[in-house]
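Chemist:
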Amino acid sequence: MKKTTELIGFDNYFNVINDNPVRTINPPVYKGSTVLFQNYEDMLRANKGQYEGVSYGTDRLPTQRALEEAIRRLEGGHLTRVFQSGINGIINTLLAFTKSGDHILLCDNIYGPTARFCRKILSRYNVEIGVVPPAVGADIVEYIRGNTRLIFLESPGSNTFEIQDIPAVTAIAREKGIMTLLDNTWATPLYLHPFELGIDVVVESVTKYISGHSDVLLGSVTVSAQYAEQFSKFYRVMEVFASPEDCYLALRGLKTLEIRLKHHETSALQVARWLETVDLVDKVIHPALPSHPEHHIWKRDFKGSSGLFAFTFKEEYPETKLAAFVNSLDLFGLGYSWGGYKSLLTAAKYDRACSARYPDKTLVRLNIGLEDPGDLMKDLEKGFEALRNERGEDSV
Ligand SMILES: Cc1ncc(COP(=O)(O)O)c(C=O)c1O
Numbered sequence: 397m398k399k400t401t402e403l404i405g406f407d408n409y410f411n412v413i414n415d416n417p418v419r420t421i422n423p424p425v426y427k428g429s430t431v432l433f434q435n436y437e438d439m440l441r442a443n444k445g446q447y448e449g450v451s452y453g454t455d456r457l458p459t460q461r462a463l464e465e466a467i468r469r470l471e472g473g474h475l476t477r478v479f480q481s482g483i484n485g486i487i488n489t490l491l492a493f494t495k496s497g498d499h500i501l502l503c504d505n506i507y508g509p510t511a512r513f514c515r516k517i518l519s520r521y522n523v524e525i526g527v528v529p530p531a532v533g534a535d536i537v538e539y540i541r542g543n544t545r546l547i548f549l550e551s552p553g554s555n556t557f558e559i560q561d562i563p564a565v566t567a568i569a570r571e572k573g574i575m576t577l578l579d580n581t582w583a584t585p586l587y588l589h590p591f592e593l594g595i596d597v598v599v600e601s602v603t604k605y606i607s608g609h610s611d612v613l614l615g616s617v618t619v620s621a622q623y624a625e626q627f628s629k630f631y632r633v634m635e636v637f638a639s640p641e642d643c644y645l646a647l648r649g650l651k652t653l654e655i656r657l658k659h660h661e662t663s664a665l666q667v668a669r670w671l672e673t674v675d676l677v678d679k680v681i682h683p684a685l686p687s688h689p690e691h692h693i694w695k696r697d698f699k700g701s702s703g704l705f706a707f708t709f710k711e712e713y714p715e716t717k718l719a720a721f722v723n724s725l726d727l728f729g730l731g732y733s734w735g736g737y738k739s740l741l742t743a744a745k746y747d748r749a750c751s752a753r754y755p756d757k758t759l760v761r762l763n764i765g766l767e768d769p770g771d772l773m774k775d776l777e778k779g780f781e782a783l784r785n786e787r788g789e790d791s792v
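Take 397 as the starting number for the sequence shown in the working numbering and just add one per residue.
(1) Are the CB atoms of Y426 and T459 nearer to each other than 8 Å?
(2) Considering only C-alpha positions, which residue in the set F707, L502, T420 and L657 is nearest to T758?
(3) Whole-angstrom Cβ separation of S616 and G736, contact assumed at under 8 Å?
(4) Return the first residue and the last residue of the beta strand (DSSP E) that A569 is part of.
(5) Check for me: the alpha helix (DSSP H) holding A744 runs from which residue to which?
(6) What are the complete alpha helix (DSSP H) segments, minimum 4 residues, inside the region 673–708?
(7) Taking the alpha-carbon positions, what's the I559 to T420 distance?
(8) Runs of 4 residues minimum, wholly inside the region 640–669: which ones carry the alpha helix (DSSP H) assignment?
(9) For L490, which of helix, strand or coil comes out of DSSP?
(10) Leaving out five residues before and five after K717 in sequence, what residues of the same chain have Cβ atoms less than 6 Å from its Cβ?
(11) Can you grab the Cα-Cα spacing for the pair R441 / H682, in whole Å?
(12) Terminal residues of the continuous beta strand (DSSP E) containing I413?
(13) Using only CA atoms, which one of S628, L657, I655 and G700 lies nearest to E464?
(14) Give me the Cβ distance between L501 and I547, rounded to the nearest whole Å; I'm assuming they're in contact under 8 Å.
(15) Helix, strand or coil for E786 per DSSP?
(16) Let me confirm a value: L432 is counted as buried when at least 16 other C-beta atoms fall within 10 Å, else exposed. Which label applies?
(17) Just to check, is the beta-carbon of M650 closer than 7 Å to a non-hydrogen atom of ligand 1?
(18) Give the straight-line distance between the Cα atoms of Y436 and M634, rounded to the nearest whole angstrom.
(19) Measuring only from the beta carbon, is G615 closer than 7 Å to any heavy atom that is part of ligand 1?
(20) What's the gap between the Cα of Q480 and the Cα of E641?
(21) Report yes or no: do three or more beta-carbon pairs, one from the region 727–742 and one from the region 504–524, lie closer than 8 Å?
(22) Y452 to S620, Cα distance in whole Å?
Next comes the structure, spelled out in structure tokens:
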């Protein structure tokens, strides 16, 4: 069955009122701290940790469980837990699977706050942090030590878009008994199937494409059978949970994920190809363009591309001039996060610990939303025209 069909069909939600089953097409939003037991025997079982049902609000209420099951099926993993945000899921996963004395490897292009948590907090608990190049493959072997416990990948990185050779990394990691984690937010479970490439743990910022409307913060973590019990026990102890309303909205977002993603993909590619023809533009950094250094790997491993990519200018403009470009755009909002219906833009330089594919270059990152791509190109052209005028003023 196609993933879309499975997504749409996932609606087996029952609520029981006065013994009558009520089956709405969407799940009820279960809210609550107190969950009532049917009888004292069940309460006693819960006290002994032997109760199968839901015993408290932090114990994953049914709306949360419905979202977890939908994501688990999509990812093709063994167990999924959702968290209050993507970064919250990442942090808890790193805490679940590391201990004092471990060494972990981070890909140099991972989401900044992930690296920040490792450097500022995890290292305090005597976990050593190493960094591998963002286009790492079989050369990962050079970075592995006797105490390497896990490897954290993000492919493509959400700012600089380098792609890792995931099967090459996971083959070596498996041989050495090292866990591999992948932040799959850019591709979503629809465009990359990490478990099929040997990954053990998949993280998604559900905030982005899965929710799709920039009104939800949620994260999901899906693990393979090998790590399911450990992760489930950790989650229970940490008593992390996710907002029922947000889980409901994410489930709703999932129903339209494929058609939204297709639109993001087609529009982003159209804009990216056009940008390659613009005189002021130097590089367009988009994994689905043949000019991308790891395009061959993207083609081999991915089922599609999403709406986030970047470009650089031929000339490096000072911030005041860059402002002329950015501020003349009407359709691109200035803001973080991505994967929603509105087009967004950020412009920044990226320092890296061990790699510098675009040294000293400002990367203009575009989140191509659901607007008409022709209108978006016209808007960007206004920005380029403003820059050309600025250049003209300089030469006067
Ligand atoms: C690649 C990637 N992973 C994780 C996150 C964190 O997600 P959240 O905003 O849900 O905490 C982000 C957020 O921008 C991201 O870009």
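From the three backbone atoms N, C-alpha and C, an ideal C-beta is built for every residue, glycine too.
Modeler: With the structure as the only source:
(1) yes
(2) Measuring from the Cα of T758, the nearest candidate turns out to be F707.
(3) Not quite, the Cβ-Cβ distance comes to about 17 Å (not below 8 Å), so this is no contact.
(4) Taken as a continuous stretch (DSSP letters only), A569 belongs to no beta strand (DSSP E), being part of the alpha helix (DSSP H) at I562 to K572.
(5) That residue, A744, is in no alpha helix (DSSP H); its beta strand (DSSP E) goes L740 to A744.
(6) 691–697
(7) Straight-line Cα distance between these residues: approximately 42 Å.
(8) As far as the region 640–669 is concerned, its whole alpha helix (DSSP H) runs of at least 4 residues are 640–651.
(9) helix
(10) Non-local C-beta neighbours of K717 in its own chain, meaning closer than 6 Å and more than five positions away in sequence, comprise E786, ordered along the chain.
(11) 54 Å
(12) N411 to I413
(13) S628
(14) 5 Å
(15) helix
(16) exposed
(17) The amino acid occupying residue 650 in the given sequence is Leu; Met does not appear at that position. No; taking the cut-off as 7 Å, the Cβ of L650 has no heavy atom of ligand 1 nearer than that.
(18) 26 Å
(19) yes
(20) 11 Å
(21) no
(22) Taking the Cα positions, Y452 is about 26 Å away from S620.
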